[in-house]
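In full-length UniProt numbering, the protein residues as written are 1 to 210.
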């Protein structure tokens, strides 16, 4: 492998490894509570809420960088399509996370200050607004499609282990459904993505020596 490709593989491996850890920290650090109550307001107003959602936002960015490095190492058309689709998906998803991080945090802080849990209804007004929920859903679906395409490129490449990208693809295919599960399921989902991202990272790191 050339020095340039070796550097790409190293950077891609690092990006995916860190992204994987962040996607586990996201559901583990995130506080869970009844978000229609003042207990829910305390959760959303907490620094843990902000940190958890920032972990996810940074994870999406690092995922796209990791898949770009993967494409440059594999140099196959499906991997380029994966990068483009994933970037679009991340672009549609991140505004929603920005509102979760900052907007809901401010609403919750005001609800605590006023001791008025009814203010938390504004959170659902945002979350389920037609434009917001459509962008968010489309973004997560495109992320799933993009990572699946990356797994297909890995499978066909003969460069990395065929199965290495499959857990990551499964994790992102399930990203939207896992929101409807209990905290334990969401944490298990985060662990799945971590395993998947680390496996691809290890394979990329090994490829730099080939």
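No residue lacks a Cβ here, since even glycine has one placed at the ideal position from N, Cα and C. Just so we're clear, the structure is a prediction, and the values are computed from it rather than from any experiment.
Cα-Cα separation between residue i and residue j, rounded to whole angstroms
{"i": "residue 143", "j": "residue 83", "result": "10 Å"}
{"i": "residue 138", "j": "residue 167", "result": "21 Å"}
{"i": "residue 112", "j": "residue 46", "result": "11 Å"}
{"i": "residue 106", "j": "residue 12", "result": "35 Å"}
{"i": "residue 165", "j": "residue 101", "result": "29 Å"}
{"i": "residue 26", "j": "residue 201", "result": "19 Å"}
{"i": "residue 61", "j": "residue 155", "result": "24 Å"}
{"i": "residue 86", "j": "residue 152", "result": "14 Å"}
{"i": "residue 205", "j": "residue 187", "result": "27 Å"}
{"i": "residue 43", "j": "residue 23", "result": "19 Å"}
{"i": "residue 189", "j": "residue 198", "result": "14 Å"}
{"i": "residue 21", "j": "residue 192", "result": "11 Å"}
{"i": "residue 122", "j": "residue 179", "result": "19 Å"}
{"i": "residue 175", "j": "residue 120", "result": "25 Å"}
{"i": "residue 17", "j": "residue 91", "result": "21 Å"}
Buried or exposed by the 16-neighbour rule on C-beta atoms within 10 Å, applied to residue i
{"i": "residue 128", "result": "exposed"}
{"i": "residue 184", "result": "exposed"}
{"i": "residue 136", "result": "buried"}
{"i": "residue 114", "result": "exposed"}
{"i": "residue 213", "result": "Because residue 213 is not part of the residues shown, which for the chain are 1 to 210, the question remains open."}
{"i": "residue 207", "result": "buried"}
{"i": "residue 134", "result": "exposed"}
{"i": "residue 150", "result": "buried"}
{"i": "residue 162", "result": "exposed"}
{"i": "residue 77", "result": "exposed"}
{"i": "residue 93", "result": "buried"}
Local conformation of residue i per DSSP, three classes
{"i": "residue 125", "result": "helix"}
{"i": "residue 8", "result": "helix"}
{"i": "residue 115", "result": "coil"}
{"i": "residue 91", "result": "helix"}
{"i": "residue 172", "result": "helix"}
{"i": "residue 160", "result": "coil"}
{"i": "residue 190", "result": "helix"}
{"i": "residue 206", "result": "helix"}
{"i": "residue 182", "result": "coil"}
{"i": "residue 108", "result": "helix"}
{"i": "residue 33", "result": "coil"}
Cutoff 7 Å; reference residue i; Cβ partners in own chain excluding five residues on either side
{"i": "residue 97", "result": "53, 56 and 57"}
6 Å Cβ shell around residue i - same chain, five flanking residues per side excluded
{"i": "residue 71", "result": "79, 80 and 83"}
{"i": "residue 172", "result": "143, 144 and 147"}
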